[in-house]
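Trainee: In our numbering, the protein residues as written are 865 to 968.
Backbone N, C-alpha and C fix where the C-beta goes; we use that ideal spot for every residue, glycine too.
Values in this document were obtained by computation on a predicted structure and should not be read as measured data.
(1) Quick check on this structure: which residue in 940, 945, 922, 930 has the alpha carbon closest to the alpha carbon of residue 879?
(2) Which two residues bound the contiguous alpha helix (DSSP H) that contains residue 893?
(3) Between residue 865 and residue 904, is the Cβ-Cβ spacing less than 8 Å?
(4) Helix, strand or coil for residue 942, going by three-state DSSP, please let me know.
Shown next, in the form of structure tokens:
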């Protein structure tokens with residue numbers, strides 16, 4: 865999360881940061897809480913907003929938001945308050961020809 869904040873202009877770092885958050889929070893309640901407290905939801909949504917045309921960023925970001933949110937009311941609230949829902953709607957509108965992004 866810190867690296868994503870410090871290097872917002874590095875698209876690959878944003879993609880890999882979302883991938884890492886997704887993997888660390890998948891199935892781990894403790895990691896979801898820690899990541900949420902560290903600002904992971906905000907970092908992911910910012911990456912989505914910064915790189916709306918980059919399918920791989922959007923794919924990893926959607927997966928990260930999913931894994932952060934499942935079973936975590938606090939992260940669900942952060943997704944809503946940080947603009948995550950709007951970012952996901954934009955993904956659905958912009959990446960209609962990329963089924964992997966839509967299904968994530």
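Mentor: Let's see:
(1) On the chain shown, position 15 is the one that residue 879 refers to. Checked all of 940, 945, 922, 930; the closest Cα to residue 879 is 922.
(2) Against the chain shown, residue 893 aligns to sequence position 29. From DSSP, the alpha helix (DSSP H) with residue 893 extends over 893-901.
(3) As a working mapping, residue 865 is identified with position 1 in the chain shown. As a working mapping, residue 904 is identified with position 40 in the chain shown. Yes.
(4) Here residue 942 corresponds to residue number 78 of the chain shown, with the count starting at 1. DSSP places residue 942 in helix when its eight states are reduced to three.
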